[in-house]
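Below is one structure; the comments refer to it alone.
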Amino acid sequence: MDRAELARRVLSLVTGIAPDVDAATVIPGIDFRDQFDFDSMDTLNFAIALHRELGVDVPEAEYAQLASLDKCVAYLLPRIG
Amino acid sequence: MSSEFKLPALGADMDDGTILEWHVAPGARVKRGDVVAVVETDKGAIDVEIFMDGVVREIVVAPGTRIPVGTVIAMIDAEGAAAAPTLSPTPTPSPAPAGEGGGEGSSSAPPSAERQKVSPAARRRARELHVDVEALTGTGPGGAITVEDVERAKPAPEPSPKPSPQPSPAKAGEGAEGKGGMREAIAAAMSRSKREIPHYYLSTTVDVTPATEWLAAHNATAPVAERLLFAALIVKSVALACRELEGFSGFYRDGRYEQSPSVHVGVAVALRGGGLVAPAIMDTADKLLAVLMDDFRALVTRARAGRLRASELAAPTIILTSLGEASVDAVFPIIQPPQVAIVGAGAVVERPWVVDGKIVPRQVLTLSLGADHRVTDGRLGAQFLARIAARLQSPASL
Numbered sequence: 006m007d008r009a010e011l012a013r014r015v016l017s018l019v020t021g022i023a024p025d026v027d028a029a030t031v032i033p034g035i036d037f038r039d040q041f042d043f044d045s046m047d048t049l050n051f052a053i054a055l056h057r058e059l060g061v062d063v064p065e066a067e068y069a070q071l072a073s074l075d076k077c078v079a080y081l082l083p084r085i086g
Numbered sequence: 005m006s007s008e009f010k011l012p013a014l015g016a017d018m019d020d021g022t023i024l025e026w027h028v029a030p031g032a033r034v035k036r037g038d039v040v041a042v043v044e045t046d047k048g049a050i051d052v053e054i055f056m057d058g059v060v061r062e063i064v065v066a067p068g069t070r071i072p073v074g075t076v077i078a079m080i081d082a083e084g085a086a087a088a089p090t091l092s093p094t095p096t097p098s099p100a101p102a103g104e105g106g107g108e109g110s111s112s113a114p115p116s117a118e119r120q121k122v123s124p125a126a127r128r129r130a131r132e133l134h135v136d137v138e139a140l141t142g143t144g145p146g147g148a149i150t151v152e153d154v155e156r157a158k159p160a161p162e163p164s165p166k167p168s169p170q171p172s173p174a175k176a177g178e179g180a181e182g183k184g185g186m187r188e189a190i191a192a193a194m195s196r197s198k199r200e201i202p203h204y205y206l207s208t209t210v211d212v213t214p215a216t217e218w219l220a221a222h223n224a225t226a227p228v229a230e231r232l233l234f235a236a237l238i239v240k241s242v243a244l245a246c247r248e249l250e251g252f253s254g255f256y257r258d259g260r261y262e263q264s265p266s267v268h269v270g271v272a273v274a275l276r277g278g279g280l281v282a283p284a285i286m287d288t289a290d291k292l293l294a295v296l297m298d299d300f301r302a303l304v305t306r307a308r309a310g311r312l313r314a315s316e317l318a319a320p321t322i323i324l325t326s327l328g329e330a331s332v333d334a335v336f337p338i339i340q341p342p343q344v345a346i347v348g349a350g351a352v353v354e355r356p357w358v359v360d361g362k363i364v365p366r367q368v369l370t371l372s373l374g375a376d377h378r379v380t381d382g383r384l385g386a387q388f389l390a391r392i393a394a395r396l397q398s399p400a401s402l
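Spelled out as structure tokens, the structure:
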């Protein structure tokens with residue numbers, strides 16, 4: 006999976022958790038929390054979705070690295086098969 | 005023997021709803037707890053469950069109709085009684101659609117031959133625009149009134165925010181104004197609360213380091229789907245304190261307080277884009293933490309997707325409002341009538357703390373309580389907060 010494909014997958018997981026967020030408006034460099042009030046419950050659901058869909062188990066201590074789309078891609082790219 | 009099935013209460017701040025669809029038709033067999041209808045409210049679509057076993061005799065209120073809570077929406081024949089002859093001297097006539105202003109907008113009423121033919125879409129648009137369809141001349145097939153006829157008859161545009169303190173029925177079918185509707189609903193409920201309930205407020209700051217350490221250790225080893233949020237620990241602690249001390253988990257109605265036999269902690273969920281809703285985690289005190297967390301997660305997801313159940317909105321016996329995400333130290337929460345207490349939680353933050361005569365960094369949380377002076381006093385309220393704090397000191401026992 007290349008970077009662009011990964012970004013698309015991650016974005017679709019984010020909008021799956023926050024269905025009221027329009028994928029087209031998400032800015033990759035800005036934290037989800039600041040863009041659309043992503044909270045700890047959303048982050049937990051996101052971690053569960055990443056594990057289920059991409060097979061990556063993100064430890065709680067590393068949730069901060071999932072804060073924005075750019076950060077997610079940077080963190081996940083080396084970890085997916 | 006037919007029973008009336010009424011639109012159930014949807015929580016303190018919702019007085020009406022619009023039936024979006026029925027999941028059952030006359031003749032359908034229903035079981036207590038079945039979702040029979042979907043109702044659009046200011047807080048999203050709500051699944052309405054039925055409270056009895058039986059057979060649907062009649063759908064009284066058709067989709068598209070905005071009705072107040074308590075309106076009869078269907079008639080149900082109780083199980084086993086369906087075929088029994090009615091002994092009542094005046095067999096229940098098909099009840100006219102109940103509620104105020106049964107005439108206008110009650111699309112459930114079979115249109116009489118003389119009445120204007122109006123397409124459902126036109127009728128809906130007419131309600132949105134406050135146009136009287138009866139006064140229009142239709143240009144559609146057979147003289148039927150179309151959406152375009154309604155649009156043409158639309159009164160001069162109103163100033164954009166809703167101008168007058170219109171009673172809620174005027175809001176039928178509004179879509180884009182949903183958020184404004186929620187804001188109005190919250191304001192109405194909170195005004196009522198402040199008018200009727202003599203609040204008192206208490207707060208206490210608690211060293212929750214043991215709980216955060218326990219949580220981190222649990223989450224480090226648990227599979228991702230079994231990880232817990234700190235808020236779940238607070239929810240359970242509140243529920244257990246409610247069982248230990250009377251006067252905080254129940255309802256004040258008709259001039260007296262009634263303690264609820266079960267504790268259903270409502271969790272205030274902020275909705276993206278504004279507004280909030282506080283559905284209950286049912287039987288909170290009896291649930292294992294893992295089960296409680298699963299229910300909590302599902303509840304927040306459904307709240308934000310706009311698919312709560314009516315029972316969840318009406319059930320809370322006390323609410324927990326956690327503003328930790330917003331990085332505030334403390335909340336001074338307002339009670340949702342008919343409840344008599346609400347617990348607030350601020351953010352868990354690292355602060356200098358004195359332990360055994362030394363200043364050390366600790367994780368602390370400020371818990372607050374808004375409670376009803378008609379039921380309890382500050383002394384009991386202080387004990388209640390202390391019980392919650394004590395529970396948080398031994399997270400493994402939750």
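Just so you know, the protein sequences line up as chains A and B, in that order.
For the first sequence, this note's numbering assigns the number 6 to the initial residue and increments by one for each residue that follows.
For the second sequence, this note's numbering assigns the number 5 to the initial residue and increments by one for each residue that follows.
Beta carbons are placed, not taken as given, at the ideal position from N, Cα and C, and that holds for glycine.
Keep in mind it's a predicted model, so treat the numbers as computed, not measured.
- Of all residues in the segment 325-355 of chain B, the ones placed with a Cβ closer than 7 angstroms to any Cβ belonging to chain A are Glu329, in chain order.
- Alanine 69 (chain A) has a beta carbon lying at 8 angstroms or more from every beta carbon in chain B.
- At a C-beta separation below 8 angstroms, glycine 277 (chain B) has these neighbours in chain A: Asp25.
- Positions of the alpha helix (DSSP H) runs, each at least 4 residues long and wholly inside the segment 195-274 of chain B, are given as 213-225 and 234-248 in order along the chain.
- Within the same chain, Cβ atoms closer than 8 angstroms to the Cβ of isoleucine 85 (chain A) are found at Met6, Leu11, Leu59, Gly60 and Val61, the five residues on either side in sequence being excluded.
- Ranked by Cα distance from arginine 36 (chain B), the options B:Gly15, B:Pro30 and B:Val59 are led by B:Val59.
- With contacts defined as CB atoms closer than 8 angstroms, glutamine 397 (chain B) and proline 214 (chain B) qualify as a contacting pair.
- DSSP, reduced to helix, strand and coil, places methionine 79 (chain B) within a strand of the structure shown.
- DSSP places alanine 191 (chain B) in the helix class (H, G or I) of the three-state scheme.
- Within the same chain, Val59 come within 6 angstroms of arginine 33 (chain B) by CB-CB distance, once the 5 residues on both sides are set aside.
- By alpha-carbon distance to isoleucine 54 (chain B), the top candidate from B:Thr380, B:Val269, B:Pro202 and B:Ala41 is B:Ala41.
- Judged by their CB atoms, phenylalanine 9 (chain B) and alanine 78 (chain B) are nearer to each other than the 8 angstroms cut-off.
- Looking at the backbone, the Cα of leucine 389 (chain B) and that of arginine 378 (chain B) are separated by about 18 angstroms.
- Leaving aside the five residues that flank alanine 274 (chain B) on each side, the residues in its chain whose CB is nearer than 7 angstroms to its CB run, in chain order, Leu280.
- Exposure of leucine 82 (chain A) is indicated by the presence of fewer than 16 other C-beta atoms within 10 angstroms of its C-beta.
- Beta bridge pairing from DSSP links isoleucine 63 (chain B) with B:Ala78.
- Spatial neighbours of valine 28 (chain B) in its own chain (CB-CB distance under 7 angstroms, excluding positions within 5 residues in sequence) are listed in chain order as Val34, Val40 and Val60.
- In the structure shown, aspartate 290 (chain B) falls within a helical segment according to DSSP collapsed to helix, strand and coil.
- In the three-state reduction of the DSSP assignment, arginine 378 (chain B) falls in the coil class, being assigned neither a helical nor a strand state.
- Rounded to whole angstroms, the gap between the alpha carbons of aspartate 298 (chain B) and arginine 355 (chain B) is 31 angstroms.
- The C-alpha of glutamine 340 (chain B) lies about 22 angstroms from the C-alpha of alanine 351 (chain B).
- With its beta carbon at least 8 angstroms from every one in chain A, leucine 396 (chain B) lies outside the interface.
- Distance from the CA atom of aspartate 51 (chain B) to the CA atom of tryptophan 357 (chain B), rounded to whole angstroms, is 47 angstroms.
- Taking 9 angstroms as the Cβ-Cβ cut-off, the segment 50-66 of chain A approaches chain B at Asn50, Ala52, Ile53, Leu55, His56, Arg57, Asp62, Val63, Pro64, Glu65 and Ala66, given in chain order.
- The Cβ atoms of valine 269 (chain B) and leucine 317 (chain B) do not sit closer than 8 angstroms to each other.
- One Cα belongs to arginine 38 (chain A), the other to alanine 309 (chain B), and the distance between them is close to 18 angstroms.
- Per DSSP, reduced to three states, the secondary structure at proline 356 (chain B) is strand.
- For threonine 22 (chain B), the secondary structure class from DSSP, reduced to helix, strand or coil, is strand.
- With distances taken between CA atoms, threonine 216 (chain B) lies nearest to B:Arg231 out of B:Arg311, B:Leu206, B:Asp376 and B:Arg231.
- Judged by beta-carbon spacing, isoleucine 322 (chain B) lies within the 8 angstroms limit of glutamine 343 (chain B), meaning their Cβ atoms are closer than that value.
- Here the alpha carbons of glycine 259 (chain B) and glutamate 188 (chain B) stand approximately 26 angstroms from one another.
- Within chain A, the residues whose beta carbon sits less than 7 angstroms from that of valine 228 (chain B) are Ala52, Ile53, His56 and Asp62, listed in sequence order.
- Close to arginine 199 (chain B), with beta-carbon spacing below 9 angstroms, lies no residue of chain A; the smallest spacing is near 31 angstroms.
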